[in-house]
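Reviewing the structure listed below.
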Amino acid sequence: MNNIQIFKIELNNYRQFQGVEEISLETSPDKHINVIEGQNGSGKSNILNAITLCFYNEEPHIDDSNDRGLGADPVANLKELEAIDVGESVRGHIEITLGKDEPQYIFTRKFRTAKVDNDEYNSVIEDLQLRQKFGADWQNVENPNTRLREILPTRVHQYFLFDGEQLDKFFEEGYTQRVKDAVLDVSHIQLLERGIDHLETMQKDLEREASDVEGKPQELHEEYEDAQDELDELNEKEEDLEENIEEANESIDGIDEELADSTDPDVREKQQRRRYLNERLDDRKEELQNTREDAAISLSRAGPVAYGQDALQYTVELFREREESGEEPPDIPEWWLDQLLDEGECICGTNIENEEEKREHIEHFKKKITEAASKSVNGRRKVQRALDRGDDLVDQAKERKRRVEDIKDDIDDINDELLEISAELESKTIPDDVDVAELEKQRKRIDGRIKDMREDLGQLRGKIEQKKEEVEERKKAWQREVEREKKHETILRKISFVENASEKIEGIEKEILEQVRTETEDSLEQFFNDLIWKDEPYDIELTDEYEVHVYGPSGEKNLGSLSAGERQVLALSFMSALAQISGFSAPILIDTPLGRISSKPKKRIAQNVPNYLEDTQVTFLMTDEEYTDEVRVFLKDKVANEYHLDYSDEVTEVPSP
4 MNNIQIFKIE LNNYRQFQGV EEISLETSPD KHINVIEGQN GSGKSNILNA
54 ITLCFYNEEP HIDDSNDRGL GADPVANLKE LEAIDVGESV RGHIEITLGK
104 DEPQYIFTRK FRTAKVDNDE YNSVIEDLQL RQKFGADWQN VENPNTRLRE
154 ILPTRVHQYF LFDGEQLDKF FEEGYTQRVK DAVLDVSHIQ LLERGIDHLE
204 TMQKDLEREA SDVEGKPQEL HEEYEDAQDE LDELNEKEED LEENIEEANE
254 SIDGIDEELA DSTDPDVREK QQRRRYLNER LDDRKEELQN TREDAAISLS
304 RAGPVAYGQD ALQYTVELFR EREESGEEPP DIPEWWLDQL LDEGECICGT
354 NIENEEEKRE HIEHFKKKIT EAASKSVNGR RKVQRALDRG DDLVDQAKER
404 KRRVEDIKDD IDDINDELLE ISAELESKTI PDDVDVAELE KQRKRIDGRI
454 KDMREDLGQL RGKIEQKKEE VEERKKAWQR EVEREKKHET ILRKISFVEN
504 ASEKIEGIEK EILEQVRTET EDSLEQFFND LIWKDEPYDI ELTDEYEVHV
554 YGPSGEKNLG SLSAGERQVL ALSFMSALAQ ISGFSAPILI DTPLGRISSK
604 PKKRIAQNVP NYLEDTQVTF LMTDEEYTDE VRVFLKDKVA NEYHLDYSDE
654 VTEVPSP
């Protein structure tokens with residue numbers, strides 16, 4: 004294979020894996036897929052955690068929701084810890100062998116868990132170690148993180164090593180920021196950003212140097228710096244507000260999940276209805292904005308015609324009267340003037356054959372008559388056309404204004420129904436169930452806070468635009484003052500050079516981001532159509548605002564209206580697209596890839612998986628409900644290694660494939 008692959012994972016006393024367990028994952032171009040099957044709780048997901056712990060010293064897929072879940076267990080194997088005395092410790096390690104055609108790197112992370120009391124443990128995770136193969140020898144390598152960054156850096160590893168079940172939440176509220184962050188992660192613009200930061204620092208230093216004298220320049224520069232500091236503070240407030248809004252939306256999502264899990268069917272039905280209404284509300288608000296813009300355009304076109312209708316009608320009548328009287332256009336045929344010129348004699352008998360000036364006079368007169376006639380005809384035609392189109396434009400403007408009002412009425416109706424649902428849920432009292440009334444009150448408070456924060460955000464953004472103008476004005480005032488003194492010419496040229504360099508780099512950054520966005524859009528559409536179980540092709544758009552639009556045979560499908568399986572395939576396709584365009588030739592490992600997909604679509608996806616990322620090692624961590632006999636049949640020709648985890652008495656063994 005041309006890409007890096009994992010040859011082997013060795014787990015020593017890591018969580019459920021007691022002693023040393025080896026998992027060989029070597030693949031070939033003909034068989035690029037690995038499958039590791041295990042029941043829930045068997046340590047299947049901990050194989051993913053082991054990789055991220057070894058590489059990045061983190062276990063992002065630990066379940067902390069249960070006090071006795073994996074997050075509560077020590078890093079070292081619990082059976083080993085139970086067998087030792089207080090004050091003793093258990094050592095272990097995770098070792099991952101990587102390479103292309105043969106093993107090249109062995110990354111190792113050791114850990115030690117001490118038993119400080121019964122059921123109380125402390126774990127210490129050691130630094131990453133690396134051995135690399137040089138010829139026939141394996142040698143220790145200093146700075147292993149540097150080499151790891153070349154293979155799979157921290158900022159992009161989540162697009163190669165991820166939990167399929169968590170993908171369902173990727174395209175929920177606030178997903179555009181997640182999509183934007185992901186595109187930034189794989190765009191490799193960090194060096195450009197550092198360059199821009201360096202140039203900004205250099206520019207500030209040069210500006211201070213040019214103002215390092217008593218008098219007007221220093222005073223104006225201080226005003227300029229004060230305005231810039233105020234702008235920076237406003238930008239920080241904007242970021243804080245955006246984060247607070249996102250956190251509040253996540254809180255609402257959590258409440259909605261709890262309500263959706265209620266034992267009361269009426270609560271579940273209302274929650275489902277609310278989700279539909281919120282999605283429709285978003286669509287109608289977007290439609291309202293677009294329709295308002297269309298109505299404004301129609302009004303701008305129809306307005307001049309409507310207000311000038313009397314004047315236009317008068318002009319048409321005037322044209323008609325002048326035509327009837329022979330004044331307009333002039334009643335002198337062009338052919339008759341041509342005849343005079345050909346015969347060389349004017350109507351008055353003057354010989355114009357040899358009289359250059361008189362001949363030119365007739366030719367000029369002919370040209371003037373032709374232009375006048377053309378302007379007269381065209382002028383009348385344009386005026387008449389404006390009158391004819393006027394009624395249509397006015398009708399169009401009225402129709403679009405009516406559509407605006409209809410959409411506003413629909414939005415009001417949706418909001419009324421949402422308020423009614425909220426009031427009904429707030430009054431619910433259900434024994435032995437989630438506290439629906441209290442949850443709804445919390446949701447209402449958070450929703451009100453979000454509306455207030457969004458209003459504050461809008462006002463803040465207005466202040467930011469005003470402050471930007473003030474900064475620019477003060478900067479220009481300072482520059483004009485500094486330019487009066489010749490001794491600052493060199494510094495000003497340096498400042499100008501730095502500003503131009505910053506603009507160039509920012510332009511390059513935008514071009515790269517646009518290219519990455521376009522490539523992501525193309526790859527996302529390709530992977531989605533490769534994996535989706537529908538027969539009809541889908542079009543997918545990734546907008547400049549990082550919104551994802553899915554277009555099926557019947558038109559656009561709102562993301563919220565996609566089934567859980569469709570959303571998971573969309574997110575899986577997005578992750579795969581990012582992995583493909585990131586430029587890193589790393590293996591892909593997906594935990595629970597088919598978890599939220601029902602039986603029939605699961606089988607259809609399995610048919611397409613063998614062609615999925617053919618040049619990349621792909622390892623699936625699956626439950627028995629995912630890796631059914633039907634799925635196995637479709638995958639078998641591409642599977643290099645298949646493991647079935649043996650879990651018993653809280654210990655997991657990895658039998659040979």
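Using my numbering, the first residue of the sequence shown is number 4, and each one after it goes up by one.
Idealized CB from N, CA, C, for every residue including glycine.
On the DSSP bridge list, what partners appear for Met205?
Paired residues: none, contrary to the question.
How would you call Asn37, buried or exposed, if buried means at least 16 neighbouring beta carbons within 10 angstroms?
buried
CA-CA distance, Ala185 and Thr523?
10 Å
Where Ser45 falls: helix, strand or coil (DSSP):
coil
What I want to know is whether the C-beta of Phe531 ends up closer than 7 Å to one or more non-hydrogen atoms of the ligand COA.
Because no ligand of any kind appears in the structure shown, any question about the ligand COA cannot be addressed here.
Residue interval of the alpha helix (DSSP H) (run including Glu134)
First, the amino acid is wrong: residue 134 is Arg here, not Glu. Per DSSP, Arg134 belongs to no alpha helix (DSSP H); it is in the beta strand (DSSP E), 132-137.
Quick check on the DSSP output: the alpha helix (DSSP H) that includes Ala117 runs from which residue to which?
No alpha helix (DSSP H) holds Ala117; the beta strand (DSSP E) holding it covers 106-120.
Quick test of the definition: if touching needs 3 or more C-beta pairs under 8 Å, does the stretch 82-98 touch the stretch 141-152?
no
Verify whether the separation of the beta carbon atoms of Gln132 and Thr111 is less than 8 Å.
yes
Can you round the beta-carbon distance between Leu562 and Ile54 to whole angstroms, since I take them to be within the 8 Å contact cut?
With a Cβ gap of about 30 Å, Leu562 and Ile54 do not count as contacting.
Enumerate in chain order the residues of its own chain whose CB-to-CB distance from Ala643 is below 8 Å, with the five nearest sequence positions on each side excluded.
Leu28, Glu29, Thr30, Ser31, Lys34, His35, Ile36, Asn37
Quick check for students: name the residue ranges of the beta strand (DSSP E) that lie wholly in the stretch 518-605, counting only runs of 3 or more.
542-545, 551-555, 558-560, 591-594
Relative to the C-alpha of Asp120, which residue among Ser190, Glu492, Val612, Ser92 is closest?
Ser92
Assuming Arg570 and Phe174 form a contact by the criterion Cβ under 8 Å, report the distance between their Cβ atoms to the nearest whole angstrom.
6 Å
Quick one: Cα of Pro556 to Cα of Leu534, how far?
17 Å
Ends of the alpha helix (DSSP H) at Asp256?
219-263
With distances taken between CB atoms, is the gap from Lys560 to Val553 smaller than 8 Å?
yes
Leaving out five residues on either side along the sequence, give the residues of the same chain with a beta carbon under 7 Å from the beta carbon of Arg271.
Ala263, Ser265
For Pro63, collect the residues of the same chain with a Cβ closer than 7 Å to its Cβ; drop the 5 residues on either side in sequence, then sort them by chain order.
Thr55
May I ask you to list the residues that DSSP assigns as paired with Lys11?
Ser27, Thr100
What does the alpha-carbon distance come out to for the pair Phe58 and Leu151?
8 Å
Around the C-beta of Ala589, are 16 or more other C-beta atoms found within 10 angstroms, so that it is buried, or is it exposed?
buried
Taking the alpha carbon of Ala440 as the point to measure from, which residue in Arg448, Lys431, Arg446, Lys447 has its own alpha carbon closest?
Lys431
Three-state secondary structure (DSSP) of Gly510
helix
Which residues does DSSP pair with Tyr646 in a beta bridge?
Ile39
Given 8 Å as the limit, is there contact between the stretch 238-254 and the stretch 411-424, that is, 3 or more CB pairs closer than that?
no
If we require 4 or more residues per run, which alpha helix (DSSP H) segments fall completely within the stretch 410-445?
none
Cβ distance (whole Å) where Phe20 is taken to contact Thr655 below 8 Å
6 Å
For Gln583 versus Ser659, is the C-beta distance shorter than 8 Å?
no
Are the stretch 240-249 and the stretch 472-486 touching by the rule of at least three beta carbon pairs closer than 8 Å?
no
Could you have a look at Glu617 and say whether DSSP puts it in helix, strand or coil?
coil
Start-to-end residues for the beta strand (DSSP E) that takes in Val127
123-128
Could you tell me which of Glu168, Glu25, Asp130 sits nearest to Leu597, measuring between CA atoms?
Glu168
Per-residue DSSP class, three states only, for Arg403
helix
Output needed for Lys447: all residues of its chain with C-beta closer than 8 Å, excluding positions within five of it in sequence on either side, in chain order.
Ser425, Glu429
Going along the chain, which residues of its own chain have a beta-carbon closer than 7 Å to the beta-carbon of Thr157, five neighbours each way excluded?
Tyr59
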